[in-house]
Amino acid sequence: MLHGIDYLDYAIRHFGKTAYDLASSGALPVQASELGYEAPDDAEARQRFLWAISGRYQLPIEALVPTLGASGALFTVCQSLLAPGSCVAVEEPGYEPLWRIPEALGARVVRFPRGDDVGRMLDHIGNEPRLVILSNPHNPTASFSGDEHIAQLADGLGEGRWLLVDEVYRELAAPASTVFGTAPNVIAISSTTKCLGVPWARAGWIAAPAELSRSLRRSELYSMGEAPPGCFAWGAAAVEQATWLLERVARLQRGKRARVDAWLAAHADRLRSSAGFEGSLFVWLERRDGEGLMPWLEAVRDDLGITISPGKFFGAPQGMRLSFTLGEDSLEEALEKLTPRLLAL
Numbered sequence: 399m400l401h402g403i404d405y406l407d408y409a410i411r412h413f414g415k416t417a418y419d420l421a422s423s424g425a426l427p428v429q430a431s432e433l434g435y436e437a438p439d440d441a442e443a444r445q446r447f448l449w450a451i452s453g454r455y456q457l458p459i460e461a462l463v464p465t466l467g468a469s470g471a472l473f474t475v476c477q478s479l480l481a482p483g484s485c486v487a488v489e490e491p492g493y494e495p496l497w498r499i500p501e502a503l504g505a506r507v508v509r510f511p512r513g514d515d516v517g518r519m520l521d522h523i524g525n526e527p528r529l530v531i532l533s534n535p536h537n538p539t540a541s542f543s544g545d546e547h548i549a550q551l552a553d554g555l556g557e558g559r560w561l562l563v564d565e566v567y568r569e570l571a572a573p574a575s576t577v578f579g580t581a582p583n584v585i586a587i588s589s590t591t592k593c594l595g596v597p598w599a600r601a602g603w604i605a606a607p608a609e610l611s612r613s614l615r616r617s618e619l620y621s622m623g624e625a626p627p628g629c630f631a632w633g634a635a636a637v638e639q640a641t642w643l644l645e646r647v648a649r650l651q652r653g654k655r656a657r658v659d660a661w662l663a664a665h666a667d668r669l670r671s672s673a674g675f676e677g678s679l680f681v682w683l684e685r686r687d688g689e690g691l692m693p694w695l696e697a698v699r700d701d702l703g704i705t706i707s708p709g710k711f712f713g714a715p716q717g718m719r720l721s722f723t724l725g726e727d728s729l730e731e732a733l734e735k736l737t738p739r740l741l742a743l
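No gaps in the numbering here: position 196 of the sequence shown is 594 in the numbering used here, and each next residue is one more.
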């Protein structure tokens, strides 16, 4: 029996369902009409999607596997590399599916603290895990590690052990780039969802060494077969038009980060913030007294109509991930409504 993914269950129930959505962490979705017409039955769409990814990130076609979103990419990698009883190391705090999916496949999951000290991370990971999973930029803190840092971690794992890097937020931190290729045991996954604002396409991909990508394609056939060509047609359109889609996000976000930072500065006595990289769509906050935030988050959701992503689902109940992709006026109203509740913490 599959364990529920509490974060996704909560997101489906509450994200975007209240007056003020400070939880959704992706760019405001673009309308399909803005991308132009794409035939939903285009038999060549899969290959066109691969060429678009290859061109933007300067990757060989044979290294790429298209998937049904980044979630499909994560599942495909785990299904291909893991067997019941395999050991997997996953960052903490972290996005819940990163450990729930290996767990559902029968793997034994160990956690390691995400940080800047590679040696410390390797000590916590130990020698047993065959697969290590992290996100970069990090979800939920939005910290961004340079490629040298990730490559050092991959090198420290040694031969026969893989480092899987979830890069779904990377375009906002380092456009048109990927960590894939910096070490021979690095696998990268991404999608058009979070940064480009095309979540409805469910277009994702894996970048992996060619010898591994062949087995990943076989694994794909055991799960979803092949995704509908429409996914890849719209995915190709998004990647081909990534530059203006990122410009659109920057325009929509202009001024919001400064407003959030000012609000946080006024409440620094109660909340500790991890601002993350400059273009992030969210910030990570923790109570200074270390107490859990879930009761408070549920109260502001039910009483004020403000939904914020609870840290409980990332393995850090004292924290919350506050996003700011809603309209500027709505953001201002939400922060004003939150202030007296925060002062009462």
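Just so you know, even glycine gets a beta-carbon here, dropped at the ideal spot from N, CA and C.
Within the region 660-727, the runs of beta strand (DSSP E) at least 3 residues long that lie entirely inside it are, in chain order, 669-672, 680-685, 704-708 and 717-721. Shown here, GLU490 sits in a strand according to DSSP, grouped into three states. Beta-bridge partners assigned by DSSP to ARG506: CYS485. GLY602 is not a Cβ neighbour of ALA425, given a cutoff of 8 Å. Counting only runs of at least 4 residues, the region 550-604 fully encloses the following alpha helix (DSSP H) elements, listed from N- to C-terminal order: 568-571. In the three-state scheme derived from DSSP, where H, G and I count as helix and E and B as strand, ILE531 is classed as strand. Annotated as distal: LEU462 and LEU570, with beta-carbon spacing of 8 Å or more. Under a 10 Å Cβ-count criterion, ASP564 is classified as buried, with 16 or more other Cβ atoms of the shown protein chains found around its own Cβ. For the pair LEU496 and LEU400, the Cα-to-Cα distance works out to about 15 Å. Per DSSP, reduced to three states, the secondary structure at LEU466 is strand. GLU730 and PHE542 have their C-alpha atoms spaced approximately 27 Å apart. When Cβ pairs closer than 8 Å are counted between the two stretches, the region 620-638 is seen to touch the region 593-600, the count reaching three or more. Taking all protein chains shown into account, TYR567 has 16 or more neighbouring C-beta atoms within 10 Å of its C-beta and is therefore buried. A direct Cα-to-Cα measurement between ARG686 and ARG719 gives close to 15 Å.
In terms of Cβ geometry, GLY688 and GLN716 form a close pair [threshold 8 Å]. In this structure PHE722 is in contact with VAL658, their Cβ atoms being roughly 5 Å apart against a cut-off of 8 Å. Counting only the Cα atoms, GLY467 lies some 18 Å from LEU433.
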